[in-house]
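First to last, the protein sequences are chains A and B.
At position 29 of the first sequence the residue is numbered 29 (the UniProt record's numbering), and the sequence of numbers has no breaks.
At position 219 of the second sequence the residue is numbered 219 (the UniProt record's numbering), and the sequence of numbers has no breaks.
Heads up, the beta-carbon is just placed ideally off N, CA and C, and yes, glycines get one too.
This one's a predicted model, so the numbers in the text were calculated from it and none came from an experiment.
Here is the structure we will look at.
Number of protein chains: 2
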Amino acid sequence: MQVNTLLKPTWIIPIVPEGVVLTKHVIAIADGKIAAIVPESEASQFEAKEVVELPGEIVMPGFVNLHSHAAMNLLRGVGPDLSLMDWLQKKVWPLEGRLMSPEFVYEGSRLAGEEMVQSGVTCTNDHYFFPVDAAAGLRESGMKCAVSAFLIGFPSAWAKTDDEYLKKAGEVIEHFRGDPMVHVTVSPHAPYTVSDDAMKKLAALSERNNLPIHIHVQETESEVSNSLKQYGMRPIERLKKLGIVNERLISVHSVHLSDSDIDTLAKAGSSVCHCPSSNLKLASGFAPVAKIMDAGINLGIGTDGVASNDKLDMLGETRLAALLAKAVAKDPTAAPVHKMLYAATMGGAKALGWDREIGSLEAGKSADLFSCLLEEITSIPVLEPAAQLLYSAGRESITHVWINGQLVVKKQQKAESFRGMSRTKALDIAHTWQNKC
Amino acid sequence: MQVNTLLKPTWIIPIVPEGVVLTKHVIAIADGKIAAIVPESEASQFEAKEVVELPGEIVMPGFVNLHSHAAMNLLRGVGPDLSLMDWLQKKVWPLEGRLMSPEFVYEGSRLAGEEMVQSGVTCTNDHYFFPVDAAAGLRESGMKCAVSAFLIGFPSAWAKTDDEYLKKAGEVIEHFRGDPMVHVTVSPHAPYTVSDDAMKKLAALSERNNLPIHIHVQETESEVSNSLKQYGMRPIERLKKLGIVNERLISVHSVHLSDSDIDTLAKAGSSVCHCPSSNLKLASGFAPVAKIMDAGINLGIGTDGVASNDKLDMLGETRLAALLAKAVAKDPTAAPVHKMLYAATMGGAKALGWDREIGSLEAGKSADLFSCLLEEITSIPVLEPAAQLLYSAGRESITHVWINGQLVVKKQQKAESFRGMSRTKALDIAHTWQNKC
Chain A
1 MQVNTLLKPT WIIPIVPEGV VLTKHVIAIA DGKIAAIVPE SEASQFEAKE VVELPGEIVM
61 PGFVNLHSHA AMNLLRGVGP DLSLMDWLQK KVWPLEGRLM SPEFVYEGSR LAGEEMVQSG
121 VTCTNDHYFF PVDAAAGLRE SGMKCAVSAF LIGFPSAWAK TDDEYLKKAG EVIEHFRGDP
181 MVHVTVSPHA PYTVSDDAMK KLAALSERNN LPIHIHVQET ESEVSNSLKQ YGMRPIERLK
241 KLGIVNERLI SVHSVHLSDS DIDTLAKAGS SVCHCPSSNL KLASGFAPVA KIMDAGINLG
301 IGTDGVASND KLDMLGETRL AALLAKAVAK DPTAAPVHKM LYAATMGGAK ALGWDREIGS
361 LEAGKSADLF SCLLEEITSI PVLEPAAQLL YSAGRESITH VWINGQLVVK KQQKAESFRG
421 MSRTKALDIA HTWQNKC
Chain B
1 MQVNTLLKPT WIIPIVPEGV VLTKHVIAIA DGKIAAIVPE SEASQFEAKE VVELPGEIVM
61 PGFVNLHSHA AMNLLRGVGP DLSLMDWLQK KVWPLEGRLM SPEFVYEGSR LAGEEMVQSG
121 VTCTNDHYFF PVDAAAGLRE SGMKCAVSAF LIGFPSAWAK TDDEYLKKAG EVIEHFRGDP
181 MVHVTVSPHA PYTVSDDAMK KLAALSERNN LPIHIHVQET ESEVSNSLKQ YGMRPIERLK
241 KLGIVNERLI SVHSVHLSDS DIDTLAKAGS SVCHCPSSNL KLASGFAPVA KIMDAGINLG
301 IGTDGVASND KLDMLGETRL AALLAKAVAK DPTAAPVHKM LYAATMGGAK ALGWDREIGS
361 LEAGKSADLF SCLLEEITSI PVLEPAAQLL YSAGRESITH VWINGQLVVK KQQKAESFRG
421 MSRTKALDIA HTWQNKC
């Protein structure tokens, strides 16, 4: 069989089937898709235009970032160490108010797209104004994305009234209809910034077009207590009443979930997007991730925007999610490695309704994947490849990223150590002792 | 004035004075020490053998890792997602029991030293068996270290009885007396593994030699409750009674501190070493870092060993410490950037009693420092250099590391983006918008 590319890494994590690390296997890529993953012994069936040897490397599907504000890459790091309200009112909102424009969104999204592909992210679910410009910026890096049919109950440079937001939301949906690289989500900003009436119309828009609903929900304690005061119910109860809580819902942040909220989301078949760095930095709190997973809710991971994170590093974010979940659950066996890698890939793909095409390395799916060098000083010896990808490696160890079978990034880190040892010597030591373990 | 090296970075964080980011300054290095830090306009007074231009880079003192088990680099990642007791009893202890030897410690410490210097760590406080071999391994990378005059109440390959441990502890102290690169700490393993009698003898050894005491304290809830059962008091109360709680104490982990424990440590002038990744991964809990700092206790940061972390990444560890402290305190203004960078450098140096020589960039101190590239896709635009070093950059962005003025590491990351933009283009965009912010 003629194929474009044959990848020969040391390890492969296909994500589906779950919990598997393949060794001595090859990945064949043809026409932008995974043609097959077969044992090395069967590789001779493929006639490949290009063979990529990846010794000491591990290949897995590209990350699906389930929550970003790409344009905010132009505001990276503004207002560190401020309270949420000072941060928003004194820094972020004035800057956004002054700078917001199609050009701002396009340029910020270009930077974010570039940062993400270099970090192994092959698809992001973006939430922002000027979604056509966001998509244009993100697409320059080659990545896939979902952008927002957005609504917030305040005037902005993008729209002035609920009606105008809704009209533009419809236009955005039409603009990208059938686009294989750009999907659309219906994106009310949050329960506390969108009226009941607008929320119902967005629920209908989502249902009519079968599109995910992408919304910040129960990020802070005060959001929940204010909703109880104003509406006599928790935000998730209100959203349920308004037709938002269903199998299309992506409930972002969702730090402050009661057991009954978790039950509601689980029964509805909704997804939760966890953004751990942002939740810590803004002191929002600790999401009950192990409980969410135990309830059978589909979990994805998001970076949030770089004004509150401040890096679009899905590998780092997934590591943090795993570590935090253990401490919050007081159980080191919680949030095991393979479940967290699943959340960072298939979890996001499922939430976006995109899981027939992306999120795992299965024959027929898009060849969106990356290779990460484990056999280097920062992660040797490799006793547990999947765990060490998650816990020891960093995004910098990612050497190749492919989207639709096209190489979009190739990186190489050159370290010269003047006093210490060469990489070869370090590998020698690691291999010697690895064999004794 | 004749100097060896003149560094010309875009930004400098000297750590002392606190809270300062210098621009348009140069660092002059002579005879392994910081000769001066002066404005660019005064740089002509120096005749330098070598001038290092560092555009877009930020220079700060090397990290002082206040708690490592370097030899465990040979056991990286063993037993992920296990309970603490399964992890110790089924994985770590059997492997250590089988492999422990001078050679194991030397080789593991070589790998750890190399990983650390490449991560900007210029001094580590190690806690392990065979300390002479640990020091030999660590020294190969050029780094400074403190090693252990170690005691645990169990027989090991290093010693069989308390008396033998104590005898060897004394020998280790003599071995390194006066060594400018290797210091020694008196290191009982933990309150629950060392008897009252041995603890008192170690307290005396520390006092006689004026050496820090390096000990795991109140890492888990059960350690505290078991001590209450066995001794009728909390570990810190018991240690106080035994003469261990004083200005030389480095109380490591210290996750489960009551307000009265914090008061005891503050009054004694003790230091606390926080190891956030390890505490999360083993589900030990959340240390009250903001309270510790607010009480005026000297705080340092440690990576712990790579079997429980699994990376010797002080920059990442300090980022995590800052983020966690905010969420634990429910206050995003807690653990501000400069205080955390201080903890990761001067905090460690002070705890080790080494702060007259290392920990900050001040004239007369050792030239132990690193340079980190901020002007790259993962951290532009640079609106807040110190915050973005901590929150956006990663250890991979560290380009140069010097110890005693000698260049020990030089790194370069080469990223080719095939669809996206060049670094030059990305910087253009960032600079354009930065000027509008």
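Relative to chain B, which residues along the region 125 to 147 of chain A have a C-beta separation below 8 Å, given in chain order?
GLU140, SER141, GLY142
Using beta-carbon positions only, say whether VAL105 of chain A and LYS91 of chain A come within less than 7 Å of one another.
no
Measure the alpha-carbon distance for residue 477 of chain B versus GLY243 of chain B and round it to whole angstroms.
Within the shown structure, residues of chain B are numbered from 1 to 437, placing residue 477 of chain B beyond reach of any answer.
What did DSSP end up calling TRP433 of chain A once you bin it into helix, strand or coil?
helix
Expected contact under 8 Å - CB spacing of residue 456 of chain B and PRO381 of chain B to nearest Å
Past the boundaries of the shown model lies residue 456 of chain B; chain B is included only from 1 to 437, so the question cannot be answered.
Measuring only between beta-carbons, confirm whether VAL289 of chain A sits less than 7 Å from chain B.
no
Less than 7 Å between the C-beta atoms of VAL289 of chain A and ALA266 of chain A, yes or no?
Not a contact, by the Cβ cut-off of 7 Å.
Anything in chain A within Cβ reach of ALA36 of chain B, meaning under 8 Å, just list it in chain order.
None at all; the shortest Cβ gap to chain A is about 25 Å.
I want to see whether chain B comes within less than 7 Å of PHE63 of chain A, judged by CB atoms only; does it?
Among the CB atoms of chain B, none fall inside 7 Å of the CB of PHE63 of chain A.
CA-CA distance, ALA327 of chain A and CYS275 of chain A?
16 Å
LEU257 of chain B at chain A interface by Cβ criterion, 7 Å:
no
Distance check for LEU7 of chain A and SER360 of chain A, CA to CA, integer angstroms please.
16 Å
Spatially closest choice to PRO336 of chain B from B:ALA349, B:GLY19, B:ARG110, by CA coordinates
B:GLY19
For VAL38 of chain B and residue 441 of chain B, believed in contact at Cβ under 8 Å, the rounded distance:
Residue 441 of chain B lies beyond the residue range present for chain B, which begins at 1 and ends at 437; the question has no answer from this structure.
Which residues of chain B have a Cβ atom closer than 7 Å to the Cβ of PHE286 of chain A, listed in chain order?
ALA327
Does the contact criterion of 3 or more C-beta pairs under 8 Å hold for the region 334 to 351 of chain A versus the region 290 to 310 of chain A?
Yes, the region 334 to 351 of chain A is in contact with the region 290 to 310 of chain A.
With C-beta atoms as the reference, is PHE63 of chain A less than 7 Å away from VAL121 of chain A?
yes
Contact set between GLY77 of chain A and chain B, taken where Cβ atoms lie within less than 7 Å
LEU383, GLU384, ALA387, GLN388, TYR391, SER392
Under three-state DSSP, which class holds TRP402 of chain B?
strand
Against ALA426 of chain A, what residues of chain B qualify as contacts under a CB-to-CB distance less than 7 Å, listed in chain order?
LEU111, GLU114
Backbone secondary structure at LYS330 of chain A - three-state DSSP
coil
Under 7 Å between C-beta atoms, does VAL121 of chain B make it to chain A?
No, no contact with chain A.
Could you spell out the range, first to last residue, of the beta strand (DSSP E) harbouring LEU74 of chain A?
Unbroken run through LEU74 of chain A: none, as it is neither H nor E.
Taking the beta carbon of CYS437 of chain B as the centre, do at least 16 other beta carbons fall within 10 Å, making it buried, or is it exposed?
exposed
Bridge partners - HIS274 of chain B, DSSP secondary structure assignment:
Answer is B:ILE301.
Can you say whether TRP93 of chain A is buried or exposed, counting buried as having 16 or more other CB atoms within 10 angstroms of its CB?
exposed
Contacting positions in the region 252 to 284 of chain A - beta carbon closer than 8 Å to chain B:
SER277, ASN279, LEU280, LYS281, LEU282, ALA283, SER284
I want to know whether the region 394 to 412 of chain B touches the region 132 to 143 of chain B - three or more CB-CB distances under 8 Å.
yes
Give a yes or no on whether 7 Å exceeds the smallest Cβ distance from GLU103 of chain A to chain B.
no
Identify the continuous alpha helix (DSSP H) that holds PRO94 of chain A and give its terminal residues.
93 to 99
How many Å lie between ASN210 of chain B and LYS241 of chain B at the Cα?
Between ASN210 of chain B and LYS241 of chain B, the C-alpha separation is close to 19 Å.
Against PHE418 of chain A, what residues of chain B qualify as contacts under a CB-to-CB distance less than 9 Å, listed in chain order?
Within 9 Å Cβ-Cβ: GLY142, GLN406, LEU407, VAL408, VAL409, LYS410.
Can you tell me whether ARG110 of chain A is buried or exposed, with buried defined as 16 or more other CB within 10 angstroms of its CB?
buried
Exposed or buried, THR161 of chain B, counting other C-beta atoms within 10 Å across all chains shown (16 or more means buried)?
exposed
Inter-residue CB distance, HIS214 of chain B and HIS127 of chain B (contact presumed, cutoff 8 Å):
6 Å
Sub-7 Å separation of residue 473 of chain B and ALA393 of chain B beta-carbons
Because chain B here runs from 1 to 437, residue 473 of chain B falls outside it and cannot be looked at.
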